[in-house]
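Heads up: the structure comes next, in structure tokens.
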Amino acid sequence: MSISPPAARSAENRESGLDALRGLAALSVVVLHLVVLCLGTSYPEYSWWDRLIPVLDRTPISLIWAGHQAVLLFFILSGFALYRMLETCDMSYSHYVVRRVFRLWPPYVAALAFAGGSIALLGSRHFDQLSGWMNMFLGKSVTCEDVLLHLTMVADFDVTKLNPVIWSLIHEMRMSLVFPPIYLLLRRFGGSVVLTASFIVAAGVVAHAHWMAMPIGATAVRNTFVLQFCFVGGAVIAQSRNSIVDLYGRIPQGTRWLLALGALVLYSDCLPVIGRTDILDLFRVDIAREFGVLGVVAGATWIVISAISSPALKAVLSVRPLLELGRLSYSLYLFHYVILLGTLNAVGASSLLRVVLVALPLSFLVAFLANRLIEEPSNLLGRKLVSWQRSRSKPAAEATIS
1 MSISPPAARS AENRESGLDA LRGLAALSVV VLHLVVLCLG TSYPEYSWWD
51 RLIPVLDRTP ISLIWAGHQA VLLFFILSGF ALYRMLETCD MSYSHYVVRR
101 VFRLWPPYVA ALAFAGGSIA LLGSRHFDQL SGWMNMFLGK SVTCEDVLLH
151 LTMVADFDVT KLNPVIWSLI HEMRMSLVFP PIYLLLRRFG GSVVLTASFI
201 VAAGVVAHAH WMAMPIGATA VRNTFVLQFC FVGGAVIAQS RNSIVDLYGR
251 IPQGTRWLLA LGALVLYSDC LPVIGRTDIL DLFRVDIARE FGVLGVVAGA
301 TWIVISAISS PALKAVLSVR PLLELGRLSY SLYLFHYVIL LGTLNAVGAS
351 SLLRVVLVAL PLSFLVAFLA NRLIEEPSNL LGRKLVSWQR SRSKPAAEAT
401 IS
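My numbering puts the sequence shown at residues 1 to 402.
Next comes the structure, spelled out in structure tokens:
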């Protein structure tokens with residue numbers, strides 16, 4: 001049984017500008033982790049950093065290290081991409097799952113293996129000179145149970161032991177597996193109905209967490225029920241793409257600039273009252289922060305809309321370096337923090353500048369190799385397996401008909 005309706009079956013049409021946008025978002029995650037490395041240390045020479053960054057974090061300059069916001073942008077982009085994938089490809093649910101698993105899981109496992117190898121070779125220890133945040137991911141012991149839970153890519157487990165950034169990929173995989181029913185609901189009931197229902201579910205989970213005074217853990221299933229709103233939002237943009245582009249074209253140029261400025265301010269999460277209390281704060285559970293997160297989602301949504309509608313922005317996002325950055329984004333996201341921690345364990349915390357100067361280029365080098373040697377081959381293998389499954393099922397179907 002095919003997921004895609006017959007009228008929607010056509011060649012895949014990727015928005016390359018959105019890939020570039022994903023690359024910029026991944027880069028902001030890398031910058032965030034490099035910035036945080038030098039925060040809250042006991043080194044007097046970094047005291048100026050502790051004073052400067054909190055001030056800049058209240059301004060749109062913080063877009064440079066908007067790593068937490070980038071994760072929400074990732075989810076919106078994923079919802080867009082998954083909808084387009086189902087809309088433009090004729091595939092069954094099993095074919096869809098094969099493609100998604102081979103797209104996400106092999107690079108994910110490779111990054112886990114890289115993290116395990118780094119810990120085995122270089123060790124992992126606490127550094128008294130560094131902040132509590134950095135030490136949260138150092139000196140951890142890893143058990144066989146931890147490894148098995150990590151390998152599932154859908155379980156709820158402690159992500160701080162091997163590669164902290166993978167928390168978002170747990171939600172990515174969960175949502176990938178349940179996205180086809182969401183796609184069918186969108187086709188049946190339309191974007192406004194499904195998006196409203198999605199918001200009610202997310203708001204209900206957050207309200208319940210407030211009522212019960214429960215933290216929403218990084219990989220908790222209830223967190224997926226909150227974050228699904230971003231995926232559905234991205235899917236609605238994809239479903240209404242033509243109407244959105246047409247409407248955007250009728251907005252006066254001056255109004256577009258104002259909307260873009262407002263979107264960047266919301267996305268930077270620097271507004272008073274609802275802004276972050278510190279650079280690492282995005283998912284604090286209180287009412288003010290929920291409005292702040294909604295502001296980030298609203299800003300990210302307009303950024304995506306602009307990326308598919310604005311000729312000027314599409315031209316900027318089509319330059320080769322940004323497209324290459326987009327191509328490396330998944331591997332860069334997966335490997336950079338493991339490399340940062342490994343470099344820290346290798347050279348020590350006596351010179352954080354040296355750690356940054358080693359870890360940053362090494363992250364891009366490993367991302368490039370992982371993309372070429374693991375990510376792209378595994379993605380291609382998934383496509384070939386689907387083609388092979390189709391070739392086997394055709395003769396069987398023809399024999400049944402005859």
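Every residue, glycine too, gets a C-beta built ideally from N, C-alpha and C. On a predicted model such as this, the values are computed, not experimentally measured, just so you know.
Rounding to the nearest angstrom, what Cα-Cα distance links residue i and residue j in this structure?
| i | j | result |
| --- | --- | --- |
| Ser378 | Arg125 | 34 Å |
| Val347 | Ser391 | 53 Å |
| Ile170 | Leu86 | 21 Å |
| Trp49 | Leu39 | 7 Å |
| Leu369 | Leu362 | 11 Å |
| Gln389 | His95 | 8 Å |
| Leu322 | Met212 | 44 Å |
| Gly132 | Thr255 | 44 Å |
| Gly116 | Val142 | 9 Å |
| Gly233 | Glu324 | 26 Å |
| Val55 | Tyr108 | 36 Å |
| Gly67 | Tyr93 | 33 Å |
| Ala397 | Asp90 | Any reading at Ala397 needs caution, since the residue's pLDDT is 44, under 50, leaving its predicted position unreliable; the model's value is listed next. Roughly 16 Å separates the two Cα atoms. |
| Asn242 | Tyr46 | 50 Å |
| Asp57 | Cys144 | 40 Å |
| Val386 | Leu177 | 16 Å |
| Ser42 | Gln129 | 5 Å |
| Ser351 | Asn163 | 23 Å |
| Leu259 | Ser310 | 12 Å |
| Arg222 | Asn135 | 27 Å |
| Tyr182 | Ser318 | According to the sequence provided, residue 182 is Ile. The question's Tyr does not apply to it. For Ile182 and Ser318, the distance between alpha carbons rounds to 30 Å. |
Go through its chain and collect everything with a Cβ distance to residue i's Cβ below 6 Å, but skip five positions before and after it.
| i | result |
| --- | --- |
| Val154 | Met173 and Arg174 |
| Asn371 | Leu328 and Ser331 |
| Ala70 | Ala25, Ser28 and Val29 |
| Ala238 | Phe80, Tyr83 and Arg84 |
| Val356 | Leu34 |
Can you name, in chain order, every residue of its own chain whose Cβ lies under 8 Å from the Cβ of residue i, other than the five neighbours on each side?
| i | result |
| --- | --- |
| Gly139 | Ser124, Arg125 and His126 |
| Arg103 | Ser378, Asn379 and Gly382 |
| Val201 | Phe225, Gln228 and Phe229 |
| Arg354 | Val347 |
| Glu411 | Not covered by the structure: residue 411. The range shown for the chain is 1 to 402. |
Measure the Cβ-Cβ separation of residue i and residue j and say whether it is below 8 Å.
| i | j | result |
| --- | --- | --- |
| Ile303 | Tyr267 | yes |
| Leu344 | Phe364 | no |
| Ala235 | Phe80 | yes |
| Leu18 | Leu63 | no |
| Val159 | Ala218 | yes |
Tell me the residue span of the alpha helix (DSSP H) that contains residue i.
| i | result |
| --- | --- |
| Asp50 | Ser47 to Leu56 |
| Tyr93 | Tyr93 to Leu122 |
| Gly342 | Arg320 to Val347 |
| Gly262 | Gln253 to Ser268 |
| Ile374 | Segment: none, Ile374 is in no alpha helix (DSSP H) and carries neither H nor E. |
| Ile244 | Arg241 to Gly249 |
| Tyr183 | Trp167 to Phe189 |
| Tyr83 | Gly67 to Thr88 |
| Ala218 | Looking at the DSSP string, Ala218 is not in any alpha helix (DSSP H), and its letter there is neither H nor E. |
| Met134 | Gly132 to Asn135 |
| Cys144 | Cys144 to Thr152 |
| Ser42 | Ser42 -> no alpha helix (DSSP H), and no H or E assigned at all. |
| Leu37 | Ser16 to Leu37 |
| Pro164 | Run containing Pro164: none; DSSP gives neither H nor E here. |
| Leu138 | Looking at the DSSP string, Leu138 is not in any alpha helix (DSSP H), and its letter there is neither H nor E. |
Below 7 Å CB to CB, which residues in the same chain sit around residue i once its five sequence neighbours on both sides are set aside?
| i | result |
| --- | --- |
| Val366 | Phe335 and Ile339 |
| Glu15 | Ile308 |
| Val358 | Thr343 and Val347 |
- Is the stretch 244-256 touching the stretch 186-199, taking contact as three or more C-beta pairs under 8 Å? No, the stretch 244-256 is not in contact with the stretch 186-199.
- Task: Evaluate contact between the stretch 294-303 and the stretch 72-79, counting only Cβ atoms and requiring at least three cross-stretch pairs below 8 Å.
- Result: The answer is yes - the stretch 72-79 touches the stretch 294-303, with three or more Cβ pairs under 8 Å.
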